[in-house]
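The numbers in our numbering rise by one with no breaks, and the one at position 102 of the sequence shown is 123.
Using N, Cα and C, we set each Cβ at its ideal position, and we do this for glycine too.
Below is one structure, written out as C-alpha cells; comments come after it.
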Amino acid sequence: MSTIPICQYDAEVLANREIGPGLYWIDLLAPEITRHALPGHFVHLIASDVSEDSSRQTWLRHTPLLRRPFSIAERDPERGVFGLIYRIVGGGTEILATRRRGERVDVLGPLGRTFEPVHAGRPVIMVAGGVGVAPFLSLAQETVRNGRARPAEMTVLFGAATAGLLSGEEKFRALGVDVRLATDDGTTGHHGLVTDLLDRELASSPRRCAYLYACGPTPMMRRCQEIAREAGIDGQVSLEGIMPCGVGVCMACVVACTAPGAAPDAAPGAAPDAAPDAAPDARLSTPRYERVCDAGPVFDMQEVVM
Ligand SMILES: Cc1cc2nc3c(=O)[nH]c(=O)nc-3n(C[C@H](O)[C@H](O)[C@H](O)COP(=O)(O)OP(=O)(O)OC[C@H]3O[C@@H](n4cnc5c(N)ncnc54)[C@H](O)[C@@H]3O)c2cc1C
Ligand code: FES
C-alpha cells in the first residue's frame, strides 16, 4: 500500500465542461490531494451533491451512494488544482456532469499504486484507449515538468471510437510528445485498433520502445500484453474496475494475478487440471488475487490475468 497520506477533501469545482460527446473535464481545487498526487494515482469521489444547503431533492443528493474512481489526469500544484477526464456511462457520471462551478465534491485521494517513472535513455510507448488516456496525460506532464526524460522519448498511441472522443491529444502535443491516433470509425488517424499502431511502431522503430504502458478497455490491454510478451518488452497496465470502497476493505475489486515468473496466460489454479501427470508447479497452483484499489490500479504488464 502507498505511504502517501490519503486525504478526504471537500473540493471546489472550478470548471466542469463537455469536451466531446458525453466526455467531460472537471477541475477540482484540493491542495492537499494535488500536492501528493503522482502519475497513476486515482481519486474516489462522491458524484452527487450531499451538501446541507443543496437545492437538489433529498433522494438525488445520495444517489449513487458509493464513490466512483477516476484517474488524475493533470495537476497544477501551485494552484492546488487537479483535473479529471470522464465519460458518462451511468448514473454517477451523469450526475457528476451536472455539478456546477462553485459547488463542492467530496474527494478521497490520492489512492493506489503509481506508474514506474519514465527516465532518460529508456524510450516509452503509452497505449491509451478512450478515457484510459487520463493517467498518461499526468505521466507525460510530470515527466516533462521534472525533466526526467525528453518529450521525444515518449510516444502516445491514442485510440477511441470516434474523433470527438480523442480529447486530450492536444495536451500531449503541447508538451512536445509524439501522438498517433486511431479511431474505430476512421474519422481521424488510423482506421482500426490502436494496437495495430503498436504492432506497426514496434516493427518499424523497435528502438522507440524500451518500456510499454497501457490503459483502456480489457481487450486492448490484453493485446498489449501479448505484443509486449512477444517483443520481450517490460511494462505496466492500469486497470479500471468496479470499486465500492477504494481503500482495500470490501474485496470487490480483486483480479487474478500470476505468481512471479509464471506464464501470464495460465489462470491461477489451472495447471493441475490442465496437466494432471505433470509435476505440480507451485507458482501456478497457488492462486494469487490482488485488490486493484490497493495493489493497483497499476500492475506489472505480465502479472495480471486478463
Ligand atoms: C482506478 C480507476 C480509474 C478510473 N479512471 C477513469 C477516468 O479517468 N475516466 C473515466 O471516465 N472513468 C474512469 N474509471 C471508470 C469510472 O470509475 C466508471 O466509469 C464510473 O465509476 C461509472 O460510474 P457510473 O455511476 O456513471 O456508472 P454505473 O452506473 O456504476 O455503471 C454504468 C455501466 O458501466 C459499467 N461500469 C461501471 N464502472 C466501470 C468500470 N470501472 N469499468 C468498466 N465498466 C464499468 C457498469 O457495469 C455499468 O454497465 C476508472 C475506474 C477505475 C477503477
Ligand atoms: S474497492 Fe473495496 S477492496 Fe478494492
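The count of Cβ pairs closer than 8 Å, one atom from the segment 54-71 and one from the segment 130-139, reaches three, so the stretches are in contact. Here A181 is not near L223, since their CB atoms are 9 Å or more apart. Taken through DSSP and simplified to helix, strand or coil, G185 comes out as helix. Taking 9 Å as the cut-off, the beta carbon of P144 is found closer than this to the beta carbon of M175.
Rounded to the nearest whole angstrom, the CA to CA distance from G256 to D70 is 39 Å. Linking Q323 to R250 through their CA atoms gives a straight-line distance of about 8 Å. In this structure, DSSP gives G151 a helical state, which the three-state scheme calls helix. Between V258 and Y310, the gap from beta carbon to beta carbon reaches 9 Å or more. In the assembly as shown, V139 is a buried residue. Its beta-carbon has 16 or more other beta-carbons within 10 Å. In this structure E95 is in contact with L158, their Cβ atoms being roughly 6 Å apart against a cut-off of 8 Å. When distances are taken from the beta-carbon of M147 to the heavy atoms of ligand 1, even the shortest one reaches 8 Å or more. The residue from G185, D48, A170, R166 with its alpha-carbon nearest to that of R125 is D48.
Less than 9 Å divides the Cβ of L214 from the Cβ of A203.
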